[in-house]
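Using this note's numbering, the first residue of the sequence shown is number -11, and each one after it goes up by one.
What follows is a set of notes on a single structure, which appears directly below.
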Amino acid sequence: PCGGGTTSRTVRCIQSSDKSVVDDGLCDAATKEALTRTCNTAPCRSNLRQWNVGTFSTCSKTCGGGQQVRSVTCVDADGLSVANRECEDAQIGAKPATTLPCNTQPCDPCDDLECGDHGTCKDGVCDCENGWGGTFCTTPDQCNGRLDKNGQCCESGTTVGDGVCCNSGVVDFEGACCNSGVLDACLVCNGNGVGRDAVGDCCLMDEGVNVDDEGVTWKDASNLCCSSGFVDICGVCGGDGRSCNIDVTVTVCAPEGVTIEELTTEGSLQRTQFMQNDFPQQIGAQYHINPDRITVVDVTASAATGDAPALRRLVG
């Protein structure tokens, strides 16, 4: 009685006079009635799927555009939750909306503004009575700053915490009053920091290192603190310059018994020997560098001397 089926019947051509069965060709095919039709198209209970729609909540805001929320789940015939896909596959319609905009009218700008006992809010701004000023009309005109938590005039106009007057008017990195009024580059009161690095740490220099001296830098290539002030050519704090490739050009004399032409001819045995062995060994021994980390990428005649090759090498 459910799930969709078909029912069938027999349709024959008969003689009208005696109701005897005759050949179908003797009847008009256009008037022949259907042999089958669908039946019991209602879904079976075990396959029934429907959207279970909850009630919308109260609006999240009273003005300015809020939102109402409700639950929408796909359930079976027994009311048990199943995957939303099963309702979609059942083609019972799109999933109903779970949210609804509400209270979209603009808010009164004065709803959340308190102007104390000496002012009235107008268009979101406190309009103060004569003799009173400040953002919330709480400061008497004779006070050039603002009132602290005790109602006393804070001439600096700066309060911290729960309204304590900061006489210096200077606040440090953590929001505390700096009584001396002196902050370092890290905004630390009376500190020696030279600045903050990429992760927010305050950078301090080693004793005797002046960040203003030539060649001194307080951050490495990763923008992290370098207390020694020395960053090598590879951007490493306190490094020895051996952690990266260095591209330099040097001028040396041709080895004894080898001509400039031989050294500058592409593919020559002398050029290959010089680039892959002689020069790396010579420079490695002189500068205490592993020859395997020295790569000569080109050899050209030097325009300055005419008799010495200019060597472009990479020290890795």
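From the three backbone atoms N, C-alpha and C, an ideal C-beta is built for every residue, glycine too.
All values reported here derive from a predicted model rather than from experimental measurement.
In terms of residue numbering, what span does the beta strand (DSSP E) encompassing residue i cover?
i      : result
GLY272 : Unbroken run through GLY272 is the alpha helix (DSSP H), 267 to 275; no beta strand (DSSP E).
ARG73  : Run containing ARG73: none in the beta strand (DSSP E); it sits in the alpha helix (DSSP H), 72 to 77.
LEU88  : 87 to 90
ILE248 : ILE248 -> not in any beta strand (DSSP E); alpha helix (DSSP H) instead, spanning 248 to 252.
SER168 : SER168 -> no beta strand (DSSP E), and no H or E assigned at all.
VAL60  : 60 to 63
CYS109 : 107 to 110
VAL41  : 38 to 41
Could you tell me if residue i is buried or exposed, where buried requires 16 or more neighbouring beta carbons within 10 angstroms of its beta carbon?
i      : result
THR253 : exposed
THR237 : exposed
ILE282 : buried
ASP208 : buried
ARG37  : buried
PRO268 : buried
VAL182 : buried
ALA242 : buried
CYS153 : buried
Hey, would you say residue i sits closer than 8 Å to residue j, going by beta carbons?
i      : j       : result
VAL57  : THR19   : no
CYS222 : SER231  : yes
CYS95  : CYS51   : yes
ASN28  : GLY(-9) : yes
CYS191 : TRP206  : yes
ASP129 : GLY139  : no
VAL176 : ASP160  : yes
ASP115 : GLY107  : yes
Tell me the rounded alpha-carbon separation between residue i and residue j.
i       : j      : result
VAL308  : LEU135 : Outside the displayed span of the chain (-11 to 304) sits residue 308, for which this structure offers no information.
GLU195  : SER216 : 9 Å
THR(-5) : ILE2   : 23 Å
GLY145  : CYS166 : 14 Å
LYS49   : GLU143 : 40 Å
CYS90   : THR46  : 9 Å
ALA186  : PRO279 : 36 Å
MET193  : HIS276 : 31 Å
VAL158  : THR126 : 22 Å
ASP150  : GLY133 : 17 Å
LEU302  : ASN233 : Residue confidence for LEU302 is low, a pLDDT of 45 falling below 50, so the modelled location carries little weight; the figure read from the coordinates is stated next. Spanning the two alpha carbons is a distance of roughly 6 Å.
ASP235  : ASP220 : 15 Å
GLN264  : GLY245 : 18 Å
ALA78   : ASP66  : 16 Å
CYS109  : GLN93  : 20 Å
GLU202  : VAL284 : 33 Å
GLU74   : LEU88  : 24 Å
GLU76   : ALA82  : 7 Å
VAL10   : ALA30  : 39 Å
With distances taken Cα to Cα, identify the nearest neighbour of residue i among the options.
i      : options                        : result
GLN261 : VAL287, THR239, GLY(-7)        : VAL287
SER59  : GLN270, THR146, PHE44, LEU257  : PHE44
THR316 : ARG(-3), ALA65, GLY179, GLY42  : Outside the displayed span of the chain (-11 to 304) sits residue 316, for which this structure offers no information.
PHE124 : ASP100, VAL10, VAL176, GLU143  : ASP100
CYS15  : VAL(-1), ILE248, GLY42, LEU175 : VAL(-1)
ARG259 : THR46, LEU251, ALA65           : LEU251
GLY227 : PRO89, PHE218, THR126          : PHE218
SER156 : GLY163, SER168, ASP150         : SER168
PRO97  : GLU244, GLN270, ASP111         : ASP111
VAL70  : ASN40, CYS32, GLN79, LEU88     : ASN40
ALA289 : VAL240, CYS75, GLN270          : VAL240
Consider the Cβ of residue i: report whether some Cβ of chain D lies at a distance smaller than 8 Å.
i     : result
CYS62 : No chain D appears in this structure, which consists of one protein chain only.
Along the chain, where does the alpha helix (DSSP H) containing residue i start, and where does it finish?
i      : result
ARG259 : 257 to 261
ILE282 : Segment 282 to 289 is the beta strand (DSSP E) holding ILE282; no alpha helix (DSSP H) there.
ILE80  : Looking at the DSSP string, ILE80 is not in any alpha helix (DSSP H), and its letter there is neither H nor E.
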